[in-house]
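Numbering (this note's numbering), first residue to last: 2 to 390.
Note that beta-carbon positions come from the ideal geometry of N, C-alpha and C, so glycine has one too.
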């Protein structure tokens with residue numbers, strides 16, 4: 002059995018519905034799974050029997066010990082991408098033959114059977130953000146340099162075969178995302194995506210899919226022209242459009258699309274229809290910007306700085322294993338305060354560390370620095386004497 006899956010919060014449910022519906026319009030004999038990184042608000046009923054998804058999983062299904070403390074260290078984008086590795090591993094362990102991940106903000110316009118066929122001879126399939134060098138400076142900055150920062154491959158799509166290479170990838174990605182799925186560009190991290198720059202070098206059976214009909218988006222529109230003939234959608238006149246990635250639906254996405262689609266009116270026709278489908282599938286009674294794990298249990302929003310601090314100090318996770326219901330304790334112990342609307346973090350989180358750990362840490366610090374000072378004075382005795390003559 003082959004599996005298609007996506008992950009999102011209830012805020013993206015309308016888009017996930019469009020993805021599932023559009024996929025099933027052109028593809029059969031697949032199981033479609035939704036990984037939901039959220040809980041329903043009061044008054045909102047999520048009835049799987051009325052949804053286009055065959056199966057729904059929740060973060061508890063990862064089987065991760067102390068999953069609350071792990072979740073707390075991630076913002077919404079980090080968490081929705083961090084679960085992709087663990088669930089990919091879970092699905093390989095469950096015995097699915099071929100597994101495809103698609104971002105929820107994608108719409109499918111044709112059969113994806115060519116991908117399934119490619120997996121007969123390859124283990125891992127990825128799509129680069131660009132497959133053609135840019136010509137204009139602004140496009141180089143927007144697209145090529147952005148890819149150097151955010152990743153060569155767009156992880157809105159991934160397909161694997163459940164063989165030795167596919168399992169190795171799933172296990173590796175699971176391990177990396179459990180620890181290092183963060184938006185931290187100075188450290189070379191961009192959630193789940195940047196890790197895949199290493200994949201062609203580390204794994205066998207990797208196929209880089211350069212067909213322009215797959216994963217069309219603003220970042221490659223400069224070299225992909227959409228046309229519609231007899232209700233069939235093509236890219237560059239001959240390649241069937243397989244799926245379009247409507248990233249950043251709204252003003253930002255529209256701006257980037259206008260910049261690179263230019264007078265390709267068919268692109269805007271697709272956008273208009275997609276926005277209409279999303280609107281039709283938008284659930285009622287869902288509060289604006291709802292995300293259950295975006296706030297403490299008393300309803301107070303969780304600041305990004307709090308998440309970063311919490312995940313950066315292992316002892317906080319040990320002392321406060323249920324952080325969503327321990328707001329006051331976490332903020333008091335880790336030195337959070339708010340001034341003029343900004344979170345300030347004082348360096349007193351050491352208060353949550355045991356006295357033994359503190360003594361050991363201070364001892365190591367003094368030992369290392371004493372040795373360093375001794376070596377410095379031994380090597381520079383003559384110079385120091387001259388300075389004070």
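Q. Can you round the beta-carbon distance between residue 60 and residue 84 to whole angstroms, since I take them to be within the 8 Å contact cut?
A. The count along the chain shown starts at 1 and reaches residue 60 at position 59. The count along the chain shown starts at 1 and reaches residue 84 at position 83. Yes, residue 60 and residue 84 are in contact; Cβ-Cβ is about 6 Å, under 8 Å.
Q | Three-state secondary structure assigned by DSSP to residue 188 | A | Taking the first residue of the chain shown as position 1, residue 188 is located at position 187. Correct three-state label for residue 188: helix.
Q: Within 10 angstroms of the Cβ of residue 290, are there 16 or more other Cβ atoms? Answer buried if so, exposed if not.
A: The residue labelled residue 290 in the question sits at position 289 within the chain shown. It is exposed - the Cβ of residue 290 has fewer than 16 other Cβ atoms within 10 Å.
(Q) Helix, strand or coil for residue 367? Go by DSSP, reduced to three states. (A) Indexing the chain shown from 1 puts residue 367 at position 366. Summary for residue 367: the model assigns pLDDT 42, below 50, so the residue's position carries little reliability, and this model does not support an answer.
Q: Assign residue 246 to one of three DSSP states: helix, strand, or coil.
A: For this step, residue 246 is matched to residue 245 along the chain shown. Note: residue 246 maps to strand in three-state DSSP.
**Q.** Cut-off 7 Å between Cβ atoms - residues of its own chain near residue 225, not counting five sequence neighbours on either side
**A.** Locating residue 225 in the chain shown gives position 224, counting from the first residue. Excluding residues within five positions, the ones whose Cβ falls inside 7 Å are 213, 217, 236 and 237.
Q. Can you tell which of 278, 129 and 145 has its C-alpha closest to the C-alpha of residue 135?
A. Stepping through the chain shown from its first residue, residue 135 is reached at position 134. Here the closest residue by C-alpha is 145.
Q: Tell me, please, whether the segment 34-51 touches the segment 120-134 by the rule of three or more beta-carbon pairs shorter than 8 Å.
A: no
(Q) I want to know whether the segment 99-112 touches the segment 4-20 - three or more CB-CB distances under 8 Å. (A) yes
(Q) At the level of alpha carbons, what is the spacing between residue 262 and residue 243? (A) Sequence index remark: in the chain shown, residue 262 carries index 261 (1-based). Sequence index remark: in the chain shown, residue 243 carries index 242 (1-based). So the two alpha carbons sit approximately 18 Å from each other.
Q) DSSP state of residue 182, grouped into three classes? A) Within the chain shown, the letter at position 181 stands for residue 182. Coil at residue 182, not helix or strand.
**Q.** Cβ neighbours of residue 258 in the same chain (closer than 8 Å, five flanking residues each side left out)
**A.** Here residue 258 refers to the residue found at position 257 when the chain shown is read from its first residue. Contacts found: 219, 222, 268, 269 and 272.
Q. From residue 295 to residue 82, what distance separates their C-alpha atoms?
A. Reading the chain shown from its first residue, position 294 is the one you call residue 295. Reading the chain shown from its first residue, position 81 is the one you call residue 82. Those two C-alpha atoms are separated by around 15 Å.
Q. In the structure shown, what three-state DSSP assignment does residue 122 receive?
A. Position 121 of the chain shown, counted from the first residue, corresponds to residue 122. Three-state DSSP puts residue 122 in coil, outside helix and strand.
Q | Within 7 Å, strictly: CB atoms of residue 27 and residue 112 | A | Position 26 of the chain shown, counted from the first residue, corresponds to residue 27. Position 111 of the chain shown, counted from the first residue, corresponds to residue 112. The answer is yes: Cβ separation under 7 Å.
Q: On a CA-only basis, which of 55, 108 and 322 is nearest residue 277? Give me that one, please.
A: Along the chain shown, read from residue 1 onward, the residue named residue 277 stands at position 276. Here the closest residue by C-alpha is 108.
Q) Which class does residue 135 belong to by DSSP, given the choice of helix, strand or coil? A) The count along the chain shown starts at 1 and reaches residue 135 at position 134. It is coil, neither helix nor strand.
Q) Which first and last residues belong to the alpha helix (DSSP H) in which residue 72 is found? A) The residue given as residue 72 occupies position 71 in the chain shown. It spans 68-73 - the alpha helix (DSSP H) in which residue 72 sits, taken as one unbroken run.
Q) If you count every other CB in all the chains shown that lies within 10 Å of the CB of residue 264, and 16 or more means buried, which is it? A) Counting from one through the chain shown, the residue named residue 264 turns up at place 263. Residue 264 should be labelled exposed.
Q: Could you tell me whether the segment 90-100 touches the segment 8-15, using the rule of 3 or more Cβ pairs below 8 Å?
A: no
Q.
To test your reading of the DSSP string, which unbroken beta strand (DSSP E) runs of 3 or more residues are found completely within the segment 229-273?
A. 233-236 and 244-246
Q. Residue 159 to residue 175, Cα distance in whole Å?
A. To locate residue 159, count along the chain shown from 1; it is residue 158. To locate residue 175, count along the chain shown from 1; it is residue 174. Between residue 159 and residue 175, the C-alpha separation is close to 14 Å.
Q. Should residue 152 and residue 91 be called a contact, given that it needs their Cβ atoms to be closer than 7 Å?
A. As a position in the chain shown, residue 152 is number 151, starting the count at 1. As a position in the chain shown, residue 91 is number 90, starting the count at 1. No.
Q.
Pop quiz: residue 182 and residue 193 are said to be a contact at Cβ under 8 Å. What is the actual Cβ separation, rounded to whole angstroms?
A. Here residue 182 refers to the residue found at position 181 of the chain shown. Here residue 193 refers to the residue found at position 192 of the chain shown. 6 Å between Cβ atoms; contact.
(Q) Taking its Cβ as the centre, do 16 or more other Cβ atoms sit within 10 Å of residue 368, making it buried, or is it exposed? (A) Your numbering for residue 368 matches position 367 in the chain shown. Its pLDDT being 45, under 50, residue 368 is placed unreliably in this model, and the value from its coordinates should be taken loosely. Exposed: under 16 other Cβ atoms inside 10 Å.
Q) So, residue 54 versus residue 287, is the Cβ gap smaller than 7 Å? A) Numbered from 1 along the chain shown, position 53 holds the residue referred to as residue 54. Numbered from 1 along the chain shown, position 286 holds the residue referred to as residue 287. Cβ atoms of residue 54 and residue 287: not closer than 7 Å.
**Q.** Terminal residues of the beta strand (DSSP E) in which residue 319 lies
**A.** The count along the chain shown starts at 1 and reaches residue 319 at position 318. Residue 319 -> not in any beta strand (DSSP E); alpha helix (DSSP H) instead, spanning 315-320.
Q: Compute the distance between the beta-carbons of residue 119 and residue 126, then report whether it is under 7 Å.
A: Indexing the chain shown from 1 puts residue 119 at position 118. Indexing the chain shown from 1 puts residue 126 at position 125. The answer is yes: Cβ separation under 7 Å.
Q: Report the rounded CA-to-CA distance for residue 1 versus residue 306, giving the unit in angstroms.
A: Since the first residue of the chain shown is 2 and the last is 390, residue 1 is not available in this structure.
Q) Would the beta-carbon of residue 86 fall within 7 Å of that of residue 178? A) On the chain shown, position 85 is the one that residue 86 refers to. On the chain shown, position 177 is the one that residue 178 refers to. Yes, these two residues count as a Cβ contact at 7 Å.
Q: Could you name the residues of the same chain whose beta carbon sits closer than 6 Å to that of residue 378, not counting the 5 residues immediately before and after it, in chain order?
A: On the chain shown, position 377 is the one that residue 378 refers to. Note that residue 378 scores 45 on pLDDT, short of 50, meaning its location in the model is unreliable and no value can be drawn from it.
Q: Would you tell me roughly how many angstroms separate the C-alpha atoms of residue 149 and residue 311, rounded to the nearest one?
A: Position 148 of the chain shown, counted from the first residue, corresponds to residue 149. Position 310 of the chain shown, counted from the first residue, corresponds to residue 311. For residue 149 and residue 311, the distance between alpha carbons rounds to 29 Å.
Q) Shortest alpha-carbon distance to residue 80 belongs to which of 309, 316, 314 and 114? A) Your numbering for residue 80 matches position 79 in the chain shown. Selected option, being the one with the closest Cα: 309.
Q) When the Cα atoms are used, what is the spatial distance from residue 314 to residue 78? A) Within the chain shown, numbered from 1, the residue matching residue 314 stands at position 313. Within the chain shown, numbered from 1, the residue matching residue 78 stands at position 77. In a straight line, the C-alpha of residue 314 is about 21 Å away from that of residue 78.
Q) CB-CB under 6 Å to residue 88, same chain, minus the five flanking residues each way: which ones, in chain order? A) The residue labelled residue 88 in the question sits at position 87 within the chain shown. Around residue 88: 36.
Q: Alpha carbon to alpha carbon, how far is residue 316 from residue 30? Give it in angstroms, no decimals.
A: As a position in the chain shown, residue 30 is number 29, starting the count at 1. As a position in the chain shown, residue 316 is number 315, starting the count at 1. Between residue 30 and residue 316, the C-alpha separation is close to 48 Å.
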